[in-house]
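Residue numbers (this note's numbering): 223 to 413.
For every residue, glycine included, the Cβ atom is placed at its ideal position computed from N, Cα and C.
Given the structure is predicted, the values throughout are model-derived calculations rather than measurements.
These notes are about the structure you will find just below.
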Amino acid sequence: MHEAPRSDVTQILIELNRAGPGDPAVSARLYEVVYDEMRRIAGRLMRGERPGHTLQPTALVHEAYIRLVDQTRVEWQDRVHFYAVAARIMRRILVDHARRRARLKRGGAKERVTWDEALGLGHDPSHETLALDDALTRLSKLDPRMERIVELRVFAGMTVRETAHALGVSDRTVNSDWMVAKQWLTYELAS
């Protein structure tokens, strides 16, 4: 599969708006043209996860796509809007997965532990996923636009221009907010 031209994605999204969520023909066409880009986004998100993660990029794409096409409250604007929502949904799926894993670790199921982990020397990226999500939640309360910029730049892999377009602001605003948000997150995640 390959990424369709931007106008094709937008055109199919317009058709999906008209047909309503769950239209199998339009949904199938949309899936064909967005799969590769969604797989790329999922791959980027999964690179930060622990080795042996039970959720694979393909499964993440499938779960996210099901949630995307079932959206009843979204009036799709264009391709950038679609991928922004896709990245947010994938992030939510990974955070929910990390929370379930953390619950299980706290006694929901027995798990084999290495000596390094028992001594607190292990490295668990699911904790990083939760810490980042918590920090982004705090950032959204301080400045929702900055949180969206981080989400679009980091999770959706959007350029400054695409992010500016998605948010209806200038490239300069995105660059400025992006710099401040990175510094803020660096401080928050270090403490």
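- DSSP places Met368 within a helical segment (H, G or I) once states are collapsed to three.
- In the three-state reduction of the DSSP assignment, Trp400 falls in the helix class, which pools H, G and I.
- Within the same chain, Val248 come within 6 Å of Ala241 by CB-CB distance, once the 5 residues on both sides are set aside.
- Across the structure, Leu364 and Leu354 are spaced so that their CA atoms are roughly 15 Å apart.
- Considering only Leu252, Ile311, Ala412, the residue with the shortest C-alpha distance to Ala378 is Ile311.
- Here Glu254 is exposed: its Cβ has fewer than 16 other Cβ atoms, across all protein chains shown, within 10 Å.
- Tyr305 places its beta carbon less than 8 Å from that of Ile263.
- The beta carbon of Ile315 lies closer than 7 Å to those of Leu282, Glu285, Ala286 in the same chain, with the five residues before and after it left out.
- Per DSSP, reduced to three states, the secondary structure at Leu374 is helical.
- The DSSP-derived three-state label of Gly242 is coil.
- The C-beta distance from Ile371 to Thr351 rounds to 19 Å, too long to meet the 8 Å contact threshold.
- Put simply, of Thr276, Thr280, Ala412 the residue whose alpha carbon is nearest the alpha carbon of Glu259 is Thr280.
- A straight line joining the alpha-carbon of Ala357 with that of Val396 spans about 19 Å.
- Setting aside the 5 residues that flank it on each side, Glu369 is surrounded in the same chain by Leu358, Leu361, Ser362, each with a C-beta closer than 7 Å to its C-beta; the list follows chain order.
- Using a 10 angstroms sphere on the CB of Ile234, the tally of other CB atoms reaches 16 or more, which defines it as buried.
- The Cβ neighbour count for Arg301, taken over all protein chains shown within 10 Å, is at least 16; the residue is labelled buried.
- With respect to the 8 Å criterion, Ala308 and Leu290 are classified as neighbours on the basis of their beta carbons.
- Counting along the chain, Leu290 sits inside the alpha helix (DSSP H) bounded by residues 279 to 291.
- Arg375 and Pro366 have their C-alpha atoms roughly 14 Å apart.
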